[in-house]
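In what follows, a structure is listed as structure tokens, so that the remarks can point back to it.
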Amino acid sequence: MLDWLETLLFPLENPNVTQSLISIMLAIGMGIFLGRLKFGKVSFGVSAVMFTGLLLGQLGYRIEAGILDFIRDFGLILFVYGIGLQVGPSFFSSFKNEGLKFNILAVSCVLLGGIITFILFKITGIQIENLVGMMSGAVTNTPGLGAAKNTIEELKIQFPGKTFADPAIGYAITYPLGVFGIIGTVILSKILLKIHPETEMRKFRMLKTKTEIPLIHKKMRVTNPAFFGKTLQHSIKEVGANILVSRIKHSGSEAVASPTLDTRLEERDVLMLVGTEKELDHFISSVGRPSTDLFIESESDIRTKNIFVTKPSAVHKKLSELDLYNTYDLKVTRVFRAGKEMMARPSLELFYGDILRVIGSQEGIAEAEKIIGNQEKKLMEPDFLSLFGGLLIGIIVGSVPLMIPGLPIPLKLGFAAGPLIVALLISRYGGISFIHSYINTGATYFMKDLGICLFFAAVGIHAGDGFYENFIKFNGWTWLLYGSAITFIPLILMVIIGRFFMKINFLQLAGIMSGSYTDPAALAFSTNYLDSDVPIQSYAQVYPLVTIFRIFMASLLILLLS
Numbered sequence: 180m181l182d183w184l185e186t187l188l189f190p191l192e193n194p195n196v197t198q199s200l201i202s203i204m205l206a207i208g209m210g211i212f213l214g215r216l217k218f219g220k221v222s223f224g225v226s227a228v229m230f231t232g233l234l235l236g237q238l239g240y241r242i243e244a245g246i247l248d249f250i251r252d253f254g255l256i257l258f259v260y261g262i263g264l265q266v267g268p269s270f271f272s273s274f275k276n277e278g279l280k281f282n283i284l285a286v287s288c289v290l291l292g293g294i295i296t297f298i299l300f301k302i303t304g305i306q307i308e309n310l311v312g313m314m315s316g317a318v319t320n321t322p323g324l325g326a327a328k329n330t331i332e333e334l335k336i337q338f339p340g341k342t343f344a345d346p347a348i349g350y351a352i353t354y355p356l357g358v359f360g361i362i363g364t365v366i367l368s369k370i371l372l373k374i375h376p377e378t379e380m381r382k383f384r385m386l387k388t389k390t391e392i393p394l395i396h397k398k399m400r401v402t403n404p405a406f407f408g409k410t411l412q413h414s415i416k417e418v419g420a421n422i423l424v425s426r427i428k429h430s431g432s433e434a435v436a437s438p439t440l441d442t443r444l445e446e447r448d449v450l451m452l453v454g455t456e457k458e459l460d461h462f463i464s465s466v467g468r469p470s471t472d473l474f475i476e477s478e479s480d481i482r483t484k485n486i487f488v489t490k491p492s493a494v495h496k497k498l499s500e501l502d503l504y505n506t507y508d509l510k511v512t513r514v515f516r517a518g519k520e521m522m523a524r525p526s527l528e529l530f531y532g533d534i535l536r537v538i539g540s541q542e543g544i545a546e547a548e549k550i551i552g553n554q555e556k557k558l559m560e561p562d563f564l565s566l567f568g569g570l571l572i573g574i575i576v577g578s579v580p581l582m583i584p585g586l587p588i589p590l591k592l593g594f595a596a597g598p599l600i601v602a603l604l605i606s607r608y609g610g611i612s613f614i615h616s617y618i619n620t621g622a623t624y625f626m627k628d629l630g631i632c633l634f635f636a637a638v639g640i641h642a643g644d645g646f647y648e649n650f651i652k653f654n655g656w657t658w659l660l661y662g663s664a665i666t667f668i669p670l671i672l673m674v675i676i677g678r679f680f681m682k683i684n685f686l687q688l689a690g691i692m693s694g695s696y697t698d699p700a701a702l703a704f705s706t707n708y709l710d711s712d713v714p715i716q717s718y719a720q721v722y723p724l725v726t727i728f729r730i731f732m733a734s735l736l737i738l739l740l741s
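The numbering used here puts the first residue of the sequence shown at 180, with every later residue one more than the last.
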């Protein structure tokens with residue numbers, strides 16, 4: 180009577196669409212459950228989907244071939260596109276600070292892993308497809324595996340009579356080694372180097388205080404006769420301070436106004452300034468003295484409000500083009516984008532989802548909202564036109580053939596690198612036409628985690644088909660030994676060079692290690708083990724470039740040596 184249920188839930192050699200979907204849901208559901216279990220301070224998160232997929236594949240569960248390819252590739256596209264949108268804003272800006280140093284160290288680790296893989300190919304005689312799979316697993320790099328499989332599919336079309344090995348087998352064998360290898364290296368490094376997380380955190384905060392100076396506001400009173408009667412523009416230029424004046428109150432009056440650059444200063448005027456503490460103190464000491472006046476903070480005449488940029492009429496417009504002051508008597512003091520606070524310069528271009536902090540009358544703010552939008556609810560809803568437009572461009576970019584002399588077929592960025600690069604550029608420049616970079620945080624995490632779950636389920640079930648037999652056939656213990664060389668040699672050198680030569684804070688170094696191996700499980704462990712969120716920042720700084728290099732490394736090794 181329940182034969183239909185048995186047919187759905189138990190493995191079949193040739194499943195239909197429904198049975199294939201059941202296999203995928205089982206792998207993801209069981210994997211998410213197991214990924215939430217903690218072993219000490221370690222939890223595997225979505226990485227556990229890979230292991231449950233292997234188990235189900237070994238037990239006989241299958242996915243129909245066409246569905247397998249779609250689920251694997253679509254999952255990979257969603258994952259890398261979400262990563263690109265998430266880390267894009269901090270990725271480009273980080274190169275102005277320590278990001279360049281971090282990325283040089285991380286990319287060097289990638290190149291060393293590729294060199295070790297090449298040496299193993301020369302001395303072991305193992306097929307390069309298997310070694311690239313081992314390399315991708317040993318460094319837990321899923322996009323690298325996806326790029327390798329895409330390259331092999333291209334080669335199969337070009338050389339229909341040639342047989343290629345499946346890199347997913349080597350990937351499945353060495354993947355656990357990569358996860359535990361980074362975790363083990365973080366633990367041993369902390370012990371051997373006698374690292375105290377509290378001390379490292381204090382050093383990190385002192386460094387950030389020197390390099391990332393926040394914007395603040397201060398009040399002052401004009402007392403220097405040399406500036407009486409001068410315009411704000413002339414005064415700021417004469418002092419040489421990089422500040423904004425958001426409010427002004429004349430002496431003897433309780434009326435507060437938002438001044439223009441042509442406003443003339445009078446004796447004992449009270450000003451509200453916005454800028455860095457150093458710049459503000461310099462201006463105040465030159466023009467007057469600090470003030471404790473409370474009337475300038477009064478909301479009776481003017482209001483302060485945050486306005487969300489949600490209307491197309493304001494997107495990609497410069498603040499000078501909107502001309503809010505002359506049109507609505509409003510002054511923009513700050514702009515918030517992707518958690519970053521910026522000075523409201525006239526040349527600043529607005530992106531969809533930006534937040535403007537404005538000062539002015541209630542009526543002026545209401546009029547400005549009509550052209551800027553301020554529809555916060557709209558930002559909570561996913562813009563599928565923008566999302567799938569970006570994915571479409573990513574797929575097209577990934578499919579462009581790049582002719583390189585000496586290679587048997589043109590090199591393509593593939594489904595891994597194409598969407599990632601497009602997402603990074605969209606997040607950097609705010610979008611292309613109707614395609615914008617803003618997706619609320621919850622939607623980004625959902626897209627990213629859904630994508631990696633689909634990919635892990637498809638790859639795991641496929642690799643699990645005869646996994647034990649393949650482990651015995653290919654002498655899996657030997658493959659683990661080779662994989663350990665790819666895992667540990669770059670990691671050990673990274674710790675030595677990063678700590679002793681580049682003088683990188685250990686909390687940041689732990690994030691670079693996890694980012695170089697694109698391992699979210701190791702990152703989650705590092706943040707818990709070191710009781711700090713600092714590793715997340717350095718992880719995000721190196722992840723995009725490392726992912727692109729690992730994708731190219733996997734593709735090039737197969738194209739050159741296959």
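From the three backbone atoms N, C-alpha and C, an ideal C-beta is built for every residue, glycine too.
All values derive from a computational prediction rather than experimental measurement.
Discussion item. Threshold first: 3 residues or longer. Then list the beta strand (DSSP E) segments lying entirely within the segment 437-520, N to C.
Written reply: Correct list: 449-454, 467-469, 482-487 and 510-516.
Worksheet item: Nearest to arginine 715 by CA position, among Glu548, Phe728, Phe731 and Thr697, is which residue?
Response: It is worth fixing the name first, because residue 715 is isoleucine in this sequence and not arginine. Nearest of Glu548, Phe728, Phe731 and Thr697 to isoleucine 715, Cα basis: Thr697.
Item to complete: Measure the alpha-carbon distance for aspartate 441 versus valine 318 and round it to whole angstroms.
Response: The alpha-carbon atoms of aspartate 441 and valine 318 are separated by roughly 60 Å.
Discussion item. With distance defined between alpha-carbon atoms, name the residue in Val424, His461 and Ile463 nearest to leucine 452.
Written reply: Relative to the Cα of leucine 452, the nearest Cα in the group Val424, His461 and Ile463 belongs to Val424.
Practice prompt. Mark threonine 378 as exposed unless 16 or more other C-beta atoms lie within 10 angstroms of its C-beta, in which case mark it buried.
Written response: A residue is called buried when at least 16 other Cβ atoms come within 10 angstroms of its Cβ; threonine 378 does not meet this threshold and is exposed.
Fill in: Cutoff 8 Å; reference glutamate 528; Cβ partners in own chain excluding five residues on either side
Excluding residues within five positions, the ones whose Cβ falls inside 8 Å are His495, Lys496, Lys497 and Gly609.
Fill in: Residues near glycine 690 by beta carbon distance below 6 Å, same chain, minus five either side
Excluding residues within five positions, the ones whose Cβ falls inside 6 Å are Pro714, Ser717 and Tyr718.
Fill in: Residues bridged to valine 537 [DSSP beta-bridge criterion]
Here valine 537 is bridged, per DSSP, to Lys484 and Val511.
Discussion item. Which of the three DSSP states is assigned to glutamate 379 in this structure?
Written reply: Three-state DSSP puts glutamate 379 in a helix.
Worksheet item: From asparagine 309 to alanine 347, what does the alpha carbon distance come to, in whole angstroms?
Response: A direct Cα-to-Cα measurement between asparagine 309 and alanine 347 gives close to 8 Å.
Worksheet item: Is it right to say arginine 729 is buried, meaning 16 or more other beta carbons lie within 10 angstroms of its own, or is it exposed?
Response: Burial call: buried.
Practice prompt. With a threshold of 16 other CB atoms inside 10 Å of the CB of glycine 278, please say whether the residue is buried or exposed.
Written response: By the 16-neighbour rule on beta-carbons within 10 angstroms, glycine 278 is buried.
Practice prompt. Would you identify the three-state DSSP class for threonine 620, choosing helix, strand or coil?
Written response: Annotated three-state conformation of threonine 620 is helix, per DSSP.
Worksheet item: According to the Cβ coordinates, are alanine 701 and serine 693 closer than 7 Å?
Response: Yes, the pair counts as a contact, with Cβ atoms nearer than the cut-off.
Practice prompt. Label phenylalanine 189 either buried or exposed according to how many other C-beta atoms from any shown protein chain fall within 10 Å of its C-beta, with 16 as the threshold for buried.
Written response: Exposed, by the Cβ-count rule.
Fill in: As assigned by DSSP and simplified to three states, the class of isoleucine 583
Three-state result, isoleucine 583: coil.
Worksheet item: Going by Cα to Cα distance, which pick from Asn195, Asn193, Pro194 and Ser226 is closest to alanine 206?
Response: From the listed residues Asn195, Asn193, Pro194 and Ser226, the smallest Cα separation to alanine 206 is found for Ser226.
Fill in: Three-way DSSP call (helix, strand, coil) for threonine 402 in this model
Note: threonine 402 maps to coil in three-state DSSP.
Worksheet entry | leucine 688 versus valine 674 - alpha carbon distance | Near 7 Å, if we compare the C-alpha coordinates of valine 674 and leucine 688.
Worksheet item: With DSSP run on the structure shown, which of helix, strand or coil describes methionine 522?
Response: Judged by DSSP in its simplified three-state form, methionine 522 adopts strand.
Worksheet entry | alpha helix (DSSP H) runs wholly inside the segment 287-360, at least 4 long, in chain order | List check, alpha helix (DSSP H) in window: 307-317 and 321-337.
Worksheet item: Helix, strand or coil for serine 432 per DSSP?
Response: In the displayed model, serine 432 falls within coil according to three-state DSSP, outside both helix and strand.
Worksheet item: Nearest-angstrom Cα distance between aspartate 508 and glutamine 541?
Response: Each residue's Cα considered, the two are about 10 Å apart.
Discussion item. Can you tell me whether glutamate 277 is helix, strand or coil according to DSSP?
Written reply: Glutamate 277: coil per DSSP, three-state reduction.
Discussion item. Excluding the 5 residues flanking glutamine 720 on each side, which residues of the same chain have their C-beta closer than 6 Å to its C-beta?
Written reply: Excluding sequence neighbours, glutamine 720 sits near Ser273, Gly278 and Phe281.
Fill in: Beta-ladder partner(s) of histidine 615, from DSSP
DSSP lists Gly610 as partners of histidine 615.
Worksheet item: Do you know how far the Cα of aspartate 628 is from the Cα of threonine 186?
Response: In this structure, the alpha-carbon of threonine 186 lies about 29 Å from that of aspartate 628.
Fill in: Residue nearest to glycine 261 in terms of C-alpha spacing, selected from Leu570, Phe650 and Pro194
Glycine 261 has its Cα closest to that of Leu570, out of Leu570, Phe650 and Pro194.
Fill in: Cross-strand partners of valine 743 (DSSP beta bridge)
Only positions 180 to 741 of the chain appear in the structure, and residue 743 is not among them; the question remains open.
Fill in: proline 525 classed as buried or exposed, judged by whether at least 16 other C-beta atoms fall within 10 angstroms
Exposed, by the Cβ-count rule.
Worksheet item: Who are the near neighbours of serine 368 in its chain, counting only those whose CB is closer than 6 Å to its CB and skipping five residues on each side?
Response: Contacts found: Val674.
Practice prompt. Kindly list the residues whose CB is nearer than 6 Å to the CB of proline 194, restricted to its own chain and excluding five residues on each side of it in sequence; keep chain order.
Written response: Cβ neighbours of proline 194 beyond the five flanking positions: Arg241 and Glu243.
Practice prompt. Whole angstroms is fine: what's the gap from methionine 521's alpha carbon to valine 289's?
Written response: The straight-line gap separating the alpha-carbon atoms of methionine 521 and valine 289 is approximately 34 Å.
Fill in: Expected contact under 8 Å - CB spacing of arginine 536 and threonine 512 to nearest Å
Indeed they touch by this definition, with Cβ atoms about 5 Å apart.
Item to complete: Have a look at the DSSP bridge pairing and note the partners of isoleucine 395.
Response: In the DSSP output, where bridge partners are listed per residue, isoleucine 395 has Gly454.
Worksheet item: Tell me, which residues are paired with glutamate 546 by DSSP?
Response: Glutamate 546 pairs with nothing; no bridge assigned.
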